[in-house]
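Residue numbers (our numbering): 295 to 539.
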């Protein structure tokens, strides 16, 4: 596939959740601010956005939102190239609803969307986010998801999320009962797909299922080290890996 990517300069970090599986650590600290080797989870995400010249980042918050906002204010004083906008939700809107709410800020171009508990450390040879941006084609994609072998990840214990339709790069993706690839929580999407859902609170899975039917959801494999920080065990393994690499 020839590259026909559009310039992508904005991102959304989904950071509104309660982090229940990380309690008691999250009783007083929102999950995006849980530290791994002296830096909060959200720092690793923001640094990848900054390195890829993202100019504006929206962060949705709900649980302990004032603590996230306080950290972001400190981060922005040291890193002024990227504008960060906090969108506080009065109630949890789920992944799709959160993006729909942020879409009101006149977001019309394809945008990076990241789960606030997903860290990826780039390999020495490639930057995973650069690859994701380069491979997004607005002419035939509503979604481009970054996928990884579930056995290689830290913290992922599910049955997998998607399978590739071909060995080409990128590839259309679909779902089987058991899938070898897991969604890393990093994607690029066309925000117009959100408008097609007649609800303000919904999961992006609704949009994924529709995109699969219409051959509009694609995937590429992650070249970095993916860490899903959902539990204390995953957190400890991530700390150990980052310390030793």
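Just so you know, even glycine gets a beta-carbon here, dropped at the ideal spot from N, CA and C.
- Within the same chain, 484, 487, 505, 510 come within 6 Å of residue 436 by CB-CB distance, once the 5 residues on both sides are set aside.
- Secondary structure at residue 334: strand, using DSSP grouped into helix, strand and coil.
- If you draw a straight line from the Cα of residue 518 to the Cα of residue 362, it comes to about 26 Å.
- Shortest Cα-Cα distance from residue 334 to any of 346, 320, 345 involves 320.
- At the C-beta level, residue 307 and residue 340 come within 9 Å of one another.
- Sixteen is the threshold: when 16 or more other Cβ atoms of the shown chains lie within 10 Å of the Cβ of residue 410, as they do, the residue is buried.
- Rounded to whole angstroms, the separation of the alpha carbons of residue 414 and residue 440 is 11 Å.
- DSSP lists 438, 466 as the bridge partner or partners of residue 512.
- Along the length of the region 385-460, whole beta strand (DSSP E) runs at least 3 residues long occupy 405-409, 412-415, 437-443, reported in chain order.
- Put simply, the backbone Cα of residue 432 is about 16 Å away from that of residue 305.
- Comparing alpha carbon positions, the residue from 497, 352, 360, 531 closest to residue 327 is 360.
- Residue pairing by DSSP places residue 369 opposite no residue, since no beta bridge is assigned to it.
- Ranked by Cα distance from residue 457, the options 312, 465, 451 are led by 465.
- Three or more Cβ pairs closer than 8 Å define a contact, and the region 378-397 falls short of that threshold against the region 468-477.
- The alpha-carbon of residue 424 is positioned some 20 Å away from that of residue 378.
- For residue 307, the secondary structure class from DSSP, reduced to helix, strand or coil, is strand.
- Taking a C-beta distance under 9 Å as the contact criterion, residue 523 and residue 331 do not qualify as a contact pair.
- Contact between the region 364-379 and the region 440-453 is absent: fewer than 3 CB-CB pairs across the two stretches fall below 8 Å.
- For residue 532, the CB contacts under 8 Å within the same chain, skipping 5 residues up- and downstream, are 330, 413, 448, 449, 521, 523 in chain order.
- For residue 375, the secondary structure class from DSSP, reduced to helix, strand or coil, is coil.
- Restricting attention to 387, 364, 514, 428, the CA atom closest to the CA of residue 356 is found in 387.
- Comparing C-alpha distances from residue 303 to each of 496, 347, 426 shows the shortest one belongs to 347.
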